[in-house]
Structures are given as structure tokens and as C-alpha cells.
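Novice: Quick one: this structure, given as C-alpha cells, is what I'll be asking you about.
Protein chains: 4
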Amino acid sequence: MSHAALAPDTTPRRSRRKDARPGELLAAALSLFVEKGFAATTVEAVAARAGVSKGTLFLYFPSKVELFQAVVRENIVGRLSEWAQTIERHEGPQAPLLRELMHQWWQRIGMTEASGITKLVMSEAGQFPDIARFYQTEVIEPGQALIRLILRRGVASGEFRDLNPEHTTHGLFAPMLFLVMWKHSLGLCAPAQTQLDPSAFIDSQLQLLLHGLMPPSPHTP
Amino acid sequence: MSHAALAPDTTPRRSRRKDARPGELLAAALSLFVEKGFAATTVEAVAARAGVSKGTLFLYFPSKVELFQAVVRENIVGRLSEWAQTIERHEGPQAPLLRELMHQWWQRIGMTEASGITKLVMSEAGQFPDIARFYQTEVIEPGQALIRLILRRGVASGEFRDLNPEHTTHGLFAPMLFLVMWKHSLGLCAPAQTQLDPSAFIDSQLQLLLHGLMPPSPHTP
Amino acid sequence: MSHAALAPDTTPRRSRRKDARPGELLAAALSLFVEKGFAATTVEAVAARAGVSKGTLFLYFPSKVELFQAVVRENIVGRLSEWAQTIERHEGPQAPLLRELMHQWWQRIGMTEASGITKLVMSEAGQFPDIARFYQTEVIEPGQALIRLILRRGVASGEFRDLNPEHTTHGLFAPMLFLVMWKHSLGLCAPAQTQLDPSAFIDSQLQLLLHGLMPPSPHTP
Amino acid sequence: MSHAALAPDTTPRRSRRKDARPGELLAAALSLFVEKGFAATTVEAVAARAGVSKGTLFLYFPSKVELFQAVVRENIVGRLSEWAQTIERHEGPQAPLLRELMHQWWQRIGMTEASGITKLVMSEAGQFPDIARFYQTEVIEPGQALIRLILRRGVASGEFRDLNPEHTTHGLFAPMLFLVMWKHSLGLCAPAQTQLDPSAFIDSQLQLLLHGLMPPSPHTP
DNA sequence: GATGAATGAGTGTTCATTCAT
DNA sequence: AATGAATGAACACTCATTCAT
Chain A
10 MSHAALAPDT
20 TPRRSRRKDA
30 RPGELLAAAL
40 SLFVEKGFAA
50 TTVEAVAARA
60 GVSKGTLFLY
70 FPSKVELFQA
80 VVRENIVGRL
90 SEWAQTIERH
100 EGPQAPLLRE
110 LMHQWWQRIG
120 MTEASGITKL
130 VMSEAGQFPD
140 IARFYQTEVI
150 EPGQALIRLI
160 LRRGVASGEF
170 RDLNPEHTTH
180 GLFAPMLFLV
190 MWKHSLGLCA
200 PAQTQLDPSA
210 FIDSQLQLLL
220 HGLMPPSPHT
230 P
Chain B
10 MSHAALAPDT
20 TPRRSRRKDA
30 RPGELLAAAL
40 SLFVEKGFAA
50 TTVEAVAARA
60 GVSKGTLFLY
70 FPSKVELFQA
80 VVRENIVGRL
90 SEWAQTIERH
100 EGPQAPLLRE
110 LMHQWWQRIG
120 MTEASGITKL
130 VMSEAGQFPD
140 IARFYQTEVI
150 EPGQALIRLI
160 LRRGVASGEF
170 RDLNPEHTTH
180 GLFAPMLFLV
190 MWKHSLGLCA
200 PAQTQLDPSA
210 FIDSQLQLLL
220 HGLMPPSPHT
230 P
Chain C
10 MSHAALAPDT
20 TPRRSRRKDA
30 RPGELLAAAL
40 SLFVEKGFAA
50 TTVEAVAARA
60 GVSKGTLFLY
70 FPSKVELFQA
80 VVRENIVGRL
90 SEWAQTIERH
100 EGPQAPLLRE
110 LMHQWWQRIG
120 MTEASGITKL
130 VMSEAGQFPD
140 IARFYQTEVI
150 EPGQALIRLI
160 LRRGVASGEF
170 RDLNPEHTTH
180 GLFAPMLFLV
190 MWKHSLGLCA
200 PAQTQLDPSA
210 FIDSQLQLLL
220 HGLMPPSPHT
230 P
Chain D
10 MSHAALAPDT
20 TPRRSRRKDA
30 RPGELLAAAL
40 SLFVEKGFAA
50 TTVEAVAARA
60 GVSKGTLFLY
70 FPSKVELFQA
80 VVRENIVGRL
90 SEWAQTIERH
100 EGPQAPLLRE
110 LMHQWWQRIG
120 MTEASGITKL
130 VMSEAGQFPD
140 IARFYQTEVI
150 EPGQALIRLI
160 LRRGVASGEF
170 RDLNPEHTTH
180 GLFAPMLFLV
190 MWKHSLGLCA
200 PAQTQLDPSA
210 FIDSQLQLLL
220 HGLMPPSPHT
230 P
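Quick look at the structure:
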């Protein structure tokens with residue numbers, strides 16, 4: 010309608026929008042799936058939040074299910090590599106590293122919108138086994154591998170006892186999972202006096218776990 | 010499978026079925042709710058699995074939500090009152106009681122279909138506030154009250170230290186929640202070597218927690 | 010179950026109830042149909058109010074429609090014969106008779122539950138043409154005949170002018186119909202200041218009509 | 010029936026239909042509501058009569074009740090504002106205005122399908138309080154306000170006596186209500202000789218009312 | 001005769017999906 | 001590529017009617 014071609018803006022509107030579309034749709038879908046779950050999210054609402062029509066959504070994603078799967082895939086990759094580097098570079102005792110990582114997890118994932126992805130995946134995994142497999146492979150297993158690496162190093166240096174590594178790993182995951190689910194479900198309607206201070210909770214759980222990991226104090230007979 | 014085919018059909022058609030109906034419907038509802046979640050389960054499917062028509066279901070349960078609540082009462086709330094009695098009657102130190110209760114929980118809820126209900130509630134609480142409040146009121150709060158009672162008794166007798174009761178309660182719940190979510194979502198597709206022995210996991214978590222709860226033993230040099 | 014046979018009550022319970030059943034059902038149906046209309050009345054509610062089971066109702070009335078028709082028929086007959094006698098016996102001017110009859114109508118029909126029948130018939134007539142015909146034949150036409158008789162007598166004696174009798178008859182019915190419909194529908198939610206004093210309204214309408222019926226005053230040129 | 014069969018099908022399939030849809034749906038809804046009443050009319054039947062699917066109806070009207078309200082606005086409320094203008098602009102005596110308006114009412118509402126709406130509301134107001142309140146607010150009260158305005162002006166100019174305005178207003182409505190109920194219920198099966206000429210009936214009722222409203226003429230001996 | 005458990009065809013309403021434009 | 005009008009298969013829930021007991 011206007012003579013926009015004369016303007017210096019050389020990036021053509023159409024094609025830039027075209028490239029951006031899937032991303033805008035995925036972002037809209039992410040926030041709605043997190044907010045309302047899979048069933049209660051309508052494709053119309055996703056399209057509206059992305060500023061396109063319902064038909065356009067189906068141009069990029071052939072069905073609601075495939076949109077959901079694309080959302081999960083899009084938002085899972087590449088979260089762990091940073092921590093992998095931190096761990097690899099770390100020198101000194103492992104306990105402060107564990108403590109640091111768990112608090113970082115809370116700051117960067119647990120307390121942010123990103124924890125909604127975890128909640129989403131856990132909630133809908135039963136209906137979408139391939140999503141569960143995907144998350145298991147791409148997130149859970151690499152995450153557990155990092156933890157096991159720390160534990161192995163601690164055992165090797167004599168800082169930790171040589172306990173069952175599965176139990177310890179899961180024992181470290183359990184409070185994080187608990188916090189995520191609490192935040193996104195029942196915590197929403199828990200009475201005020203049951204409210205939870207997540208950082209303090211992490212601290213207390215870590216203290217228990219680290220104490221359990223420590224070797225029997227040397228001056229015990 | 011049995012030789013029953015030769016026997017005349019002795020199942021009474023109407024009057025005697027009436028007593029059995031609610032149970033059949035509750036069983037069908039439990040398995041479908043666990044399998045598909047609340048929103049994705051249709052009352053028609055429940056009725057069909059119970060071998061009756063849709064209308065018949067509404068003869069016994071006035072709505073889908075109340076059917077669900079009946080399922081929860083049947084499978085979970087009932088157990089809580091049993092445990093309340095066990096706790097009330099208990100004499101002696103609290104640590105073995107906690108251990109016993111957590112293993113009973115695993116045997117009677119955690120490892121059964123009923124644990125799917127907890128997963129369902131955590132997953133869909135956001136969309137069905139009625140259900141979330143119901144579960145919070147009828148299950149979570151009474152359950153936490155039982156735990157707090159044990160903790161208080163332990164503190165009173167000097168068996169436990171006087172730690173933050175919220176953290177301890179949540180710390181006891183976290184592994185159970187972890188097991189439930191694990192079993193019903195990601196665990197479904199975890200590789201064999203990551204499989205978890207739930208009883209042993211409960212044991213190890215309890216050991217950590219109980220150790221953390223014990224007062225500094227006076228006779229340690 | 011009891012030895013009631015020994016008691017002196019010789020009227021057998023069974024048969025007496027049996028004879029009373031249809032009447033109890035009709036009474037229950039009448040009040041519910043008046044209260045809620047045809048569609049919104051359930052046969053279950055009728056049976057419950059009559060103190061019998063749903064199945065029993067269908068023993069006496071083969072369908073909801075036929076129950077409805079029986080209710081209307083049962084409650085229409087024999088209301089007018091009294092007034093017919095009053096009119097026949099009346100001597101003297103007709104105007105006070107009309108006035109007396111309309112106020113009696115309000116006292117005996119309009120303000121009582123009976124006006125619900127009229128409302129019911131008018132409301133459902135479109136769906137039940139034979140009920141409409143029945144009411145027309147059994148109530149409306151005899152009623153109009155009575156009015157026409159009065160008018161004819163008034164004209165014969167010179168008390169009334171010789172106006173179109175259809176218009177006058179309908180003009181006398183219109184305020185009664187208006188009161189009935191007002192009472193049973195919109196009047197229910199009219200604001201307080203629009204409330205209507207039925208007796209005063211009848212008076213004012215009668216005054217207009219009677220004035221219109223009077224012959225031109227003799228001393229007018 | 011027409012020669013159109015030879016012409017190519019020029020009815021545009023989608024985009025141009027959109028403008029016509031609401032009107033087609035409203036027309037279908039009007040005739041079905043009048044024919045069967047509110048409760049007995051199904052949205053599916055309305056859609057079918059308009060030649061669209063059930064879902065399409067909900068594209069234009071968010072609920073059955075709002076469809077009904079749109080029908081009322083289209084067919085009745087619109088007329089009221091026309092009359093409001095007529096009344097406002099009117100100069101000279103009020104009596105001919107009243108006469109003109111009542112005849113217009115008969116031509117535009119009373120004798121058309123639209124009068125069935127009034128009958129419907131009176132019949133089903135008890136079961137659908139939303140509809141009753143809506144009609145009361147949007148039709149009855151504005152209509153009465155118009156009548157009261159005319160009466161007030163007539164009293165102010167000395168054309169009318171200062172009678173009870175409620176009774177006079179209701180007295181003017183009563184014959185219209187009578188005609189509507191007559192047309193849509195019992196009149197459907199009244200014998201031929203009882204048939205009513207509505208225009209003449211309106212005339213005669215108006216004459217009575219206007220005569221009653223006139224002040225005692227000062228120059229009568 | 002009387003019961004009440006059981007049915008199944010409908011209700012209004014929603015929403016993923018299609019397709020002519 | 002993008003639209004948005006149109007669809008129709010669900011869904012939870014109701015209720016007149018049936019029929020074995």
C-alpha cells in the first residue's frame with residue numbers, strides 16, 4: 010500500500026517475517042502450553058498470541074501434536090553445555106561445586122519460566138512417549154552424567170564415600186523435581202503457612218546429602 | 010481361561026449388580042484416569058470399561074469431578090486414616106515408625122496404580138482448581154499433619170533435633186513424589202541401567218534424613 | 010410385613026392407594042407443570058412429588074405428553090357452571106353483574122393457583138393443538154357465551170348500546186388475560202414501581218368499558 | 010421454478026456469504042423460535058434451516074440465549090427506536106399519535122412473525138430469567154416509557170385527564186398482549202365466527218380508552 | 001401392581017482441522 | 001504465503017422410556 014520500497018530498509022518485510030514465523034509460533038505455544046497444559050491450550054490462542062491466523066499455524070505445523078513436540082524439542086537443547094564446562098574446569102573439593110550448581114539451577118531454571126518445560130514434559134510424558142524418550146535422552150541422562158562425574162571425582166579424591174551412585178544422583182534430583190512440581194501445581198493453592206522458601210529448602214537438603222556423603226570422621230574409632 | 014463357560018451364566022442381571030456397580034466404575038475410572046489423565050478420560054470410556062452405558066455412570070456419580078474424587082477417596086484417603094491409627098497407637102522411637110510407614114506407602118500406593126492419581130493431580134492441578142483444592146485438603150494436608158505429628162513426638166522425646174519442620178516434612182515427601190513422577194513419566198522410558206530400586210532408594214533417603222534428624226550423639230568423643 | 014390384617018381397618022391399603030394414584034400423580038403434575046412449564050418438568054419430579062417411582066407413573070400414563078393432556082383435561086371441566094347459574098338467576102341491571110363477576114373471577118381464579126392452568130394452556134397451546142382446541146371448546150367458548158348473554162340482555166333492556174359483541178367480549182377478556190400473563194411471567198421480574206394492583210386495574214378497565222357501553226345520555230341533544 | 014437453473018451458479022461460496030450469514034441465521038432462528046418456543050428449538054435445527062453446520066452458528070452467536078437476544082434486537086428493539094423518533098418529532102394532539110402507533114405496531118409486529126417472540130417470552134420467562142430480564146429491560150420498559158411520555162404530554166396540554174398512569178399504560182398494552190396471545194395460542198383453533206378483526210378491535214379499544222382519557226367536555230350542558 | 005436400574009438419543013458448546021479465496 | 005469461514009466429531013450431562021425382578 011505504501012511506497013516502502015523507497016525507504017532504506019532493505020530487509021524485505023515478507024521474507025523476514027516468514028523466517029520469524031515458526032519461532033514466534035513456538036514462543037507463543039511454549040508460554041501457553043506451560044500456562045495451561047496441552048489439552049487446554051487451543052491452537053487458536055497460540056496463533057492469536059503469535060499474531061497470525063489459525064490457518065497459518067497449520068502451514069508450519071501439521072497438527073497440534075507436532076506443534077507441541079516442536080516446542081519441547083526447541084526448548085530443551087543446549088542448556089547443559091555451560092554447566093558441563095564449569096564442572097570440567099572446576100578444581101578443588103566437590104561439595105562447594107554441588108552447592109553452587111544447585112543454587113545456579115534454581116536461579117537459572119527453577120525459579121524462571123524455563124521450569125515450566127520440565128513440568129510440561131513430566132505432565133504430558135505419559136501421552137507422548139517419544140517426548141519422554143527425547144527429554145530422557147537429551148536432558149535427564151546428560152544431567153545425571155554430570156552429577157555422576159562430580160561424585161566419581163569426589164570418591165576418587167577421598168572427599169566422598171563410595172555410595173550407590175544411582176541413589177545419590179536421584180537423591181540430588183528429587184528436591185529439584187519437588188520444587189518444580191510444587192511451584193507449578195499444588196503449591197499454587199497451598200495455604201500460606203505451608204509456603205516453602207526454595208533456597209533454604211535446597212540448602213537443607215544439600216546439607217543432609219553432603220553429610221551423608223562424607224566419610225566417617227577420621228577421629229571416630 | 011476358566012471352565013466357567015460350561016456353567017450357566019449365574020451373574021444376576023440387575024438387582025444384585027447394583028452393589029457391584031460403584032466398585033466396577035471406580036476401578037475402571039482409576040485405570041483410565043491413570044492411563045490418560047483427567048481431561049483426556051471421557052466418562053463414556055469409563056462407563057464402557059465398566060460394561061455399562063454412559064447414563065448409568067451418572068446414576069452413581071453426579072459428575073466427572075465427583076467420580077474422580079470418589080476414586081481418590083477410595084484409593085488414597087482411606088489409607089491415610091489407617092496410617093493415622095497406626096501412628097496414634099505407636100509406642101517407642103519414631104524412626105522405625107517412619108521407616109515402616111514409608112515402606113507401607115510404597116507397597117500400598119507408590120507401586121500400585123493409585124500412585125498415578127498423585128501424578129495426575131500434580132499434572133492437571135492448574136487446569137482443575139477444584140481437584141487441586143480437593144487433593145490439597147483431603148490428601149496433602151492430612152498427610153503432612155501425620156508427618157508433623159511424628160516429628161513433634163520425636164522432638165519431644167529427644168529422639169530428633171528441633172529442625173525446621175517445613176523443610177523436614179517436604180524433605181520426606183520429596184523422594185515419594187520423585188518416585189511417583191519417575192514411575193509415571195520419564196521412568197517409563199529410562200534405559201535399563203538407570204532403573205531404580207524404589208525400596209532401596211527409600212531406605213537410603215530415609216537413612217540420610219534420619220541421620221540429619223538425630224541429635225549430635227553425646228557419647229561420640 | 011406387619012399383621013395389619015388383624016386391625017379393624019377394613020379398607021384395604023392396596024386398592025385404595027391404587028385408586029388414588031392417578032389423582033395424586035395428576036395433582037403433582039399440575040403443580041409442577043404450572044411452576045416450570047412442560048419441557049422443564051421431569052417425570053421423575055412428578056413421580057417423586059406423588060410419592061411413587063418413575064416406573065409407576067408410566068403404568069398410569071403412557072407418556073409425558075399424555076400425562077400433560079390428562080392434567081389439563083382434569084383441571085378444566087366444571088368451573089363455569091356456577092357462574093352460569095348466577096347469571097341465569099340474576100335480575101336487575103347488568104353492569105353490577107359484570108363488575109361482580111370480574112371481581113369474583115379474580116378472587117377465585119386469577120389470584121389463585123388455578124390461573125396457572127390458563128397460563129399453561131396459553132403457553133403450550135402451540136405445541137399441543139388438541140389441548141388448545143379442548144380449552145377453546147370447554148372454557149373459552151362457554152365463557153364468551155356467558156358474557157354475550159349478559160351483553161344481549163343489556164342491549165335488550167336498553168342499558169347497553171348495540172355495539173359489536175365480539176369486540177366487547179374480547180375487550181372484557183383482555184384485562185383478565187393480561188393479569189394472568191403478567192402474574193406468571195414478566196411481572197415476576199418487573200421493577201417494584203411497575204407493580205400492578207390487580208383489583209384496581211380491573212376496576213379501571215371495567216369503568217372504561219361500561220362507560221363505552223352506556224347509551225348516549227338522554228339529555229344530550 | 011425459475012429459469013435460474015440455466016445460469017451458472019453465481020452465489021459466491023465463502024467470502025461474500027459472510028455478510029449474509031447472520032441475517033440468514035436470524036431469520037431461521039426467528040421462525041423456529043416462534044414455531045417451537047425457546048427450549049424446544051435446537052441450535053442444530055436453526056443452523057440446518059439456515060443451511061450451515063452447528064459450528065457455524067456459534068461463529069456468529071456465542072450462545073443460544075444471545076442468538077435469541079439478537080433476534081429480539083433485530084425484530085423488536087429496532088422498531089422501538091423508530092417509534093421513539095416518531096414520538097419525539099410529533100406535534101399536535103396525542104390521540105391521533107396513539108392511534109397511528111398502535112396501528113403501526115399491528116402492521117410491523119403484531120401481524121408478523123415477530124409477535125411470536127412476545128408470546129414466547131411470556132410463555133417461557135419463568136424458565137429463562139435471563140431472557141425475561143432482557144426483554145423487560147430492552148422491550149417492556151422502553152415501550153412503557155414511550156406510552157408514558159405521550160400520556161404526560163397529553164396531560165400537560167390539557168388533552169388528557171390526569172389518571173393513574175400505570176393503569177392507563179397497562180390498559181393500552183392489554184389489547185396488544187391479548188391479540189398476540191390470541192394469535193399464537195387459542196386463536197389458532199378458534200371457530201371461524203369467533204375470528205377477530207385485529208385492526209377493528211384495536212380501534213374499538215382505543216376509542217374506549219381515549220374517551221376515558223378525555224376531560225369532561227366543558228361545553229356539554 | 002410396583003419398582004428402580006439401565007439405557008441411549010439428544011442437548012448446547014468447543015475446537016482441531018480443512019480449503020476456497 | 002496467508003487467511004478465516006466452515007466443518008463435524010467430540011464432550012459432559014439429561015431424561016423419557018423400558019423391563020427384569
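Residue numbers (the numbering used here), protein chains in the order written: chain A, 10 to 230; chain B, 10 to 230; chain C, 10 to 230; chain D, 10 to 230. Where a beta carbon is used, it is the ideal one built from N, C-alpha and C, also for glycine. Bear in mind the structure is a predicted one, so any value in this text is a computation, not a measurement.
Alpha carbons only, please: which of D:G46, D:T95 and D:L39 is nearest the one belonging to D:Q136?
Specialist: The residue you call residue 136 of chain D lines up with position 127 of the fourth sequence. When each option's Cα is compared against that of D:Q136, the closest is D:G46.
Novice: Return helix, strand or coil for B:A49, following the three-state DSSP convention.
Specialist: What you label residue 49 of chain B is simply residue 40 of the second sequence in a count that begins at 1. Coil, per DSSP.
Novice: Taking the beta carbon of A:A134 as the centre, do at least 16 other beta carbons fall within 10 Å, making it buried, or is it exposed?
Specialist: Numbered from 1 along the first sequence, position 125 holds the residue referred to as residue 134 of chain A. Per the 10 Å Cβ criterion, buried.
Novice: Which two residues bound the contiguous alpha helix (DSSP H) that contains A:F210?
Specialist: Locating residue 210 of chain A in the first sequence gives position 201, where the first residue counts as 1. First-last of the alpha helix (DSSP H) with A:F210: P207 to L222.
Novice: So, do the region 205-220 of chain C and the region 145-162 of chain C have three or more beta carbon pairs nearer to each other than 8 Å?
Specialist: Segments in contact, no.
Novice: Helix, strand or coil, according to DSSP, for D:A29 in the structure here?
Specialist: Within the fourth sequence, residue 29 of chain D is the residue found at index 20, counting from 1. Looking at D:A29 - three-state DSSP - the assignment turns out to be helix.
Novice: Whose C-alpha, out of A:Q78, A:S213 and A:Q202, is nearest the C-alpha of A:G180?
Specialist: Indexing the first sequence from 1 puts residue 180 of chain A at position 171. For the residues A:Q78, A:S213 and A:Q202, the minimum Cα distance to A:G180 belongs to A:S213.
Novice: Indicate the three-state DSSP secondary structure (helix, strand or coil) for C:M190 in the structure shown.
Specialist: For the purposes of this step, residue 190 of chain C is identified with residue 181 of the third sequence, where counting begins at 1. The answer is helix: DSSP assigns C:M190 an H, G or I state.
Novice: Which of the three DSSP states, helix, strand or coil, is assigned to D:F42?
Specialist: On the fourth sequence, residue 42 of chain D is found 33 positions in, with the first residue counted as 1. Three-state DSSP puts D:F42 in a helix.
Novice: Output needed in chain order: residues of the region 129-156 of chain A with a Cβ under 8 Å from some Cβ in chain B.
Specialist: From the region 129-156 of chain A, only V130, M131, S132, E133, A134, G135, Q136, P138, A141, R142, Y144, Q145, I149, E150 and Q153 have a Cβ closer than 8 Å to chain B.
Novice: A:P225 by DSSP, collapsed to three states: which one?
Specialist: Position 216 of the first sequence, counting from 1, holds the residue named residue 225 of chain A. In the structure shown, A:P225 sits in coil (DSSP, three-state: anything other than H, G, I, E or B).
Novice: Less than 6 Å between C-beta atoms, sequence neighbours within five positions excluded: which residues of the same chain meet that for C:G163?
Specialist: The count along the third sequence starts at 1 and reaches residue 163 of chain C at position 154. For C:G163, where only same-chain residues beyond five positions count, the Cβ hits under 6 Å are Q103 and F169.
Novice: For B:A75 and B:I140, I'd like the C-alpha separation in whole angstroms.
Specialist: Start at 1 with the first residue of the second sequence, and residue 75 of chain B comes out as number 66. Start at 1 with the first residue of the second sequence, and residue 140 of chain B comes out as number 131. Sequence check: residue 75 of chain B is Glu here, not Ala. Each residue's alpha carbon lies about 9 Å from the other.
Novice: If you measure between the beta carbons of D:L35 and D:E83, is that distance less than 8 Å?
Specialist: Translated into the one-based positions of the fourth sequence, residue 35 of chain D becomes position 26. Translated into the one-based positions of the fourth sequence, residue 83 of chain D becomes position 74. Yes. Within cutoff.
Novice: Please work out which residues of its chain come closer than 7 Å, Cβ to Cβ, to C:Q153, disregarding the five sequence neighbours upstream and downstream, and give them in chain order.
Specialist: For the purposes of this step, residue 153 of chain C is taken as the residue at position 144 of the third sequence. For C:Q153, where only same-chain residues beyond five positions count, the Cβ hits under 7 Å are T178.
Novice: At least one CB of chain D closer than 8 Å to the CB of C:L218: is that the case?
Specialist: By 1-based counting over the third sequence, the position of residue 218 of chain C is 209. Chain D, which has a Cβ nearer than 8 Å to the Cβ of C:L218, makes this yes.
Novice: Is B:N84 close to chain A? Criterion is C-beta to C-beta, closer than 8 Å.
Specialist: Within the second sequence, residue 84 of chain B is the residue found at index 75, counting from 1. Cβ-Cβ to chain A under 8 Å: no for B:N84.
Novice: If the cut is a Cβ gap below 7 Å, which residues of chain D does C:H179 touch?
Specialist: On the third sequence, position 170 is the one that residue 179 of chain C refers to. Per Cβ cutoff of 7 Å: F187, L205 and F210.
Novice: Which of the residues in the region 67-96 of chain C, read from start to end, lie with their CB under 8 Å from any CB of chain D?
Specialist: Under the 8 Å Cβ criterion, the region 67-96 of chain C contributes no residue.
Novice: If contact means a Cβ-Cβ distance below 8 Å, which residues of the region 33-65 of chain B contact chain A?
Specialist: Correct list: E44, K45, G46, A48 and A49.
Novice: Is the Cβ of D:M120 closer than 8 Å to any Cβ of chain C?
Specialist: Taking the fourth sequence and counting its residues from 1, the one referred to as residue 120 of chain D is at position 111. It does not: the Cβ of D:M120 has no partner Cβ on chain C nearer than 8 Å.
Novice: Compute the Euclidean distance between the alpha carbons of D:L188 and D:G119, then round it to the nearest angstrom.
Specialist: As a working mapping, residue 188 of chain D is identified with position 179 in the fourth sequence. As a working mapping, residue 119 of chain D is identified with position 110 in the fourth sequence. Between D:L188 and D:G119, the C-alpha separation is close to 8 Å.
Novice: Mind listing, in chain order, the continuous alpha helix (DSSP H) runs of no fewer than 4 residues lying wholly within the region 93-167 of chain B?
Specialist: Correct list: 103-114, 124-133, 138-144 and 150-165.
Novice: State the Cα-Cα distance for the pair C:L158 and C:E97, rounded to the nearest angstrom.
Specialist: For this step, residue 158 of chain C is matched to residue 149 along the third sequence. For this step, residue 97 of chain C is matched to residue 88 along the third sequence. Each residue's Cα considered, the two are about 9 Å apart.
Novice: Measure the C-alpha to C-alpha separation of A:E175 and A:L89 and round it to an integer number of angstroms.
Specialist: As a position in the first sequence, residue 175 of chain A is number 166, starting the count at 1. As a position in the first sequence, residue 89 of chain A is number 80, starting the count at 1. So the two alpha carbons sit approximately 20 Å from each other.
Novice: For chain B, find out if any of its Cβ atoms is closer than 8 Å to the Cβ of A:A104; answer yes or no.
Specialist: On the first sequence, residue 104 of chain A is found 95 positions in, with the first residue counted as 1. For A:A104, the answer is no, since every Cβ of chain B falls outside 8 Å of its Cβ.
Novice: Answer yes or no: do D:L172 and D:L222 have a C-beta to C-beta separation smaller than 8 Å?
Specialist: Indexing the fourth sequence from 1 puts residue 172 of chain D at position 163. Indexing the fourth sequence from 1 puts residue 222 of chain D at position 213. Result yes, Cβ atoms of D:L172 and D:L222 sit closer than 8 Å.
Novice: Using a 10 Å radius around the Cβ and a threshold of 16 neighbouring Cβ atoms, would you call A:G125 buried or exposed?
Specialist: Residue mapping note: residue 125 of chain A aligns to position 116 of the first sequence, counting from 1. Classification of A:G125: buried, given that the 10 Å Cβ count is 16 or more.
Novice: Near C:R58, which residues of its chain fall below 8 Å by C-beta distance, leaving aside the five closest residues on each side in sequence?
Specialist: Taking the third sequence and counting its residues from 1, one reaches residue 58 of chain C at position 49. Hits under 8 Å: A37, S40 and L41.
Novice: Kindly indicate which three-state DSSP category A:F70 falls into: helix, strand or coil?
Specialist: Counting from 1 along the first sequence, the entry for residue 70 of chain A is found at position 61. Correct three-state label for A:F70: coil.
Novice: Which whole-angstrom value is the C-beta distance of C:A183 and D:A201, which I expect to be below 8 Å?
Specialist: Here the question's residue 183 of chain C lines up with position 174 in the third sequence. Here the question's residue 201 of chain D lines up with position 192 in the fourth sequence. Actually they are not in contact, since the Cβ atoms of C:A183 and D:A201 sit about 21 Å apart, beyond 8 Å.
Novice: Name, please, each residue of chain D whose Cβ falls closer than 8 Å to the Cβ of C:S124.
Specialist: Counting from one through the third sequence, the residue named residue 124 of chain C turns up at place 115. The premise fails here: C:S124 is roughly 13 Å from chain D at the closest Cβ pair, so nothing lies under 8 Å.
Novice: With the cut-off set at 8 Å, would you say C:G167 and C:P105 are in Cβ contact?
Specialist: By 1-based counting over the third sequence, the position of residue 167 of chain C is 158. By 1-based counting over the third sequence, the position of residue 105 of chain C is 96. No, these two residues do not count as a Cβ contact at 8 Å.
Novice: Would you say D:A183 lies against chain C (beta-carbon separation less than 8 Å)?
Specialist: Along the fourth sequence, one-based indexing puts residue 183 of chain D at 174. Closer than 8 Å: yes.
Novice: Run through DSSP, which three-state label would A:N173 get?
Specialist: Within the first sequence, the letter at position 164 stands for residue 173 of chain A. Here A:N173 sits in coil by DSSP.
Novice: Please list the partners that D:M223 has in chain C, where partner means a Cβ-to-Cβ separation under 8 Å.
Specialist: Translated into positions along the fourth sequence, residue 223 of chain D becomes position 214. Correct list: empty, because the minimum Cβ distance to chain C is about 11 Å.
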